[in-house]
Amino acid sequence: MKHIIDILDLSVSEIDALISTAQDIIAQPKEYAELCRGLKLATLFFEPSTRTRLSFEAAMYELGGNVLSVTGAATSSASKGESVADTAKVVSCYADIIAIRHPKEGAALVAAQNASIPVINAGDGGHCHPTQTLADLCTIYREKGRLSDLTVGFCGDLKFGRTVHSLINALSRYSGVSFVLISPEELKLPSYVKDGVLKPNGITYRQTTDLEAALPGLDLLYMTRVQRERFFNEEDYLRLKDSYILTPDKLRLAGPDMCVLHPLPRVNEISVAVDNDPRACYFKQVLNGKYMRMALMLMLLKDAGRIG
Ligand code: CP
């Protein structure tokens, strides 16, 4: 039984195949409209979400299937003390595939170890968010035509940003990729990502606090919000939250082909005035996320023998 807990649960060739399937779905959606007829996705979201939950659900509907949904711990038996392990066993009796978001790192893995159907991690605490990474990779491929030979800037909360950790993990497997890590001192990329991913893979990277100086050399800029929900005190969050705000003025320093990505939700870190710039790709990223989730669910349901 294949589960997707970490982006590394997918090989490079599987990711390439998912991007190819997503592009085919975009080109001929009717060919996919009945493939999950009679199947059910359970979305178990114990932490807030707009994009991930709705895009999973839209993805399953567009494949002809149905959706069962838990939205928030308060409305499920988690509020009575039911464990993630028991929840996964129970939901396996009702659905064909699970997408789970949980505030605790490792919760999706526990669900996978106890479910009898495929489990997809839709975000576990500050750890991983592999399907956001699939949306990011698809967008990069569609905008730049490649996933190799790229200089990628990550800006903002690189400490708590699970989407950053997952995308660095994914891109580190492609050749010629280097990173510029732009953050306040307190929100630098954790050592476990530098020592566990960048250094063993021989990835070139540099750390800086200066967004403006970094902009001219980037192929991609991945902006992130400061993750309020992971801070221990509000004072630190308020001090750091507006460390970087991308504006049209700053964007003038970037090349004409640089793409601006953001996993969203945006708070204040990209000015709304940037949205009309052709380099702003974050709403395309949202749409690509739905197609990649369709491709991923098809792959896992085929692997589990639930579709032909
Ligand atoms: N990018 C993302 O995970 O958004 P949501 O929190 O709205 O799902």
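All residue numbers for the sequence shown refer to the working numbering, where the first residue is 907 and numbers rise by one.
Glycine residues also receive a C-beta, built at the ideal position from the N, C-alpha and C atoms.
Keep in mind it's a predicted model, so treat the numbers as computed, not measured.
| Check | Outcome |
| --- | --- |
| Whole-Å CB distance - residue 1034 paired with residue 911, under 8 Å assumed | 7 Å |
| Length-filtered (4 minimum) alpha helix (DSSP H) runs lying within the segment 978-1033 | 990-998, 1013-1020 |
| Nearest candidate by alpha-carbon position, reference residue 991, set 1021, 972, 975 | 1021 |
| heavy atom of ligand 1 below 8 Å from residue 1035 C-beta | yes |
| Identified DSSP bridge partners for residue 1113 | 1087 |
| Those residues which DSSP pairs with residue 1057 across a bridge | 1084 |
| Rounded straight-line distance, which links the Cα of residue 1000 to that of residue 988 | 17 Å |
| Distance between beta carbons of residue 1104 and residue 1064, contact taken as under 8 Å | Contact flag wrong, Cβ pair sits at about 12 Å. |
| Terminal residues of the beta strand (DSSP E) in which residue 1143 lies | Run containing residue 1143: none in the beta strand (DSSP E); it sits in the alpha helix (DSSP H), 1140-1146. |
| Separation of residue 1078 from residue 918, as counted between CA atoms | 11 Å |
| Top-ranked residue by Cα proximity to residue 1068, from 974, 1037, 1206, 929 | 1037 |
| Simplified DSSP assignment, three categories, for residue 1165 | strand |
| Any non-hydrogen atom of ligand 1 closer than 8 Å to residue 949 Cβ | no |
| Residue nearest to residue 1109 in terms of C-alpha spacing, selected from 1052, 1126, 1058, 921 | 1058 |
| Those residues which DSSP pairs with residue 951 across a bridge | 977, 1007 |
| Rounded separation between residue 975 and residue 944 - CA only | 16 Å |
| Unbroken beta strand (DSSP E) run spanning residue 1127, endpoints | 1126-1129 |
| Cβ-heavy atom distance, residue 1062 to ligand 1, below 8 Å | no |
| Residue environment, residue 933, which counts as buried when at least 16 other CB atoms sit within 10 Å | exposed |
| Euclidean distance between Cα positions of residue 977 and residue 1039 | 22 Å |
| Residue 946, DSSP secondary structure in three states | strand |
| For residue 1052, the nearest candidate out of 1071, 1082, 1028, 1029 (CA to CA) | 1082 |
| Endpoints, the alpha helix (DSSP H) within which residue 962 is located | 957-968 |
| Contact check, residue 1046 vs residue 1126, beta carbons under 9 Å | yes |
| Segments of 3+ residues assigned as beta strand (DSSP E) that fall wholly inside the segment 917-942 | none |
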